[in-house]
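Engineer: Each residue of the sequence shown is one higher than the one before, starting from 87 at the first, in this note's numbering.
The C-beta atom is built at its ideal place from N, Cα and C for all residues, glycine as well.
Here the structure is a predicted model, which is why all the values come from computation and not from measurement.
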Amino acid sequence: MTEERWLDEDAGPIVPAYLLTRGRTVPASEAIDLIAVIITSGGLAPPRGLDPEHLIILQKCTQPTRLVDVAAELNLPIGVVRVLVGDLHAQQLVQVELPPPAPDAKVLLEVISGLKAL
87 MTEERWLDED
97 AGPIVPAYLL
107 TRGRTVPASE
117 AIDLIAVIIT
127 SGGLAPPRGL
137 DPEHLIILQK
147 CTQPTRLVDV
157 AAELNLPIGV
167 VRVLVGDLHA
177 QQLVQVELPP
187 PAPDAKVLLE
197 VISGLKAL
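1) Mapping the DSSP letters down to three states, classify residue 134 as helix, strand or coil.
2) Please name the residue, chosen from 159, 192, 202, 154, that lies closest to residue 182 on a Cα-to-Cα basis.
3) So, with DSSP's three-state summary, where would you put residue 149?
4) Considering only DSSP beta bridges, list what residue 183 is partnered with.
5) What is the rounded straight-line gap between the Cα of residue 128 and the Cα of residue 191?
6) Apply the 10 Å Cβ neighbour rule to residue 87 and answer buried if 16 or more other Cβ atoms are within range, or exposed otherwise.
7) Using the C-alpha atoms, what's the distance from residue 163 back to residue 157?
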C-alpha cells in the first residue's frame, strides 16, 4: 500500500471512517433510529477531550436535526454518525427524540379510500 492512497492534496490525510468510532459499530447508549431528532442539551459546555466530529455534531444540532441529516452534512456513513451521537447521548450532551410510531395499516387504507372518494 502506498502513502499516496491515504493523502488527498486538497484535504490532507484521509482517515478511514471506522477509526472515528475506534472500530465500534454499536452506539454507546441505545439504538438510534434514522429519523430520530437530535438536539444539543442546552447550557452545557462540551467537556474537554471530545473529538472534532463530536464538536461538529454539537454545533449542527443546536436546532433539532434528524440523524440522517447530520450524517449527510458531515459526509459520513450513517453507522459512524450513530456511534458518535450515541457517545454524546451517553454523556447527556444531546437529546435523542425517537420518531412517533407508524400509523396502523388499517388507518392508512381508510385515508387512501377517503382520498379516492374525493
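Structural biologist: Looking at the coordinates:
1) For residue 134, the secondary structure class from DSSP, reduced to helix, strand or coil, is coil.
2) Distance from the Cα of residue 182 is smallest, within the candidate group 159, 192, 202, 154, for 154.
3) Residue state, collapsed to three classes: coil.
4) Note: residue 183 is bridge-paired with 123 in the DSSP secondary-structure output.
5) Those two C-alpha atoms are separated by around 38 Å.
6) Here the model assigns residue 87 a pLDDT of 48, short of 50, so the residue's position is not dependable, and the following value carries that caveat. So residue 87 counts as exposed.
7) Rounded to whole angstroms, residue 157 to residue 163 spans 6 Å at the Cα level.
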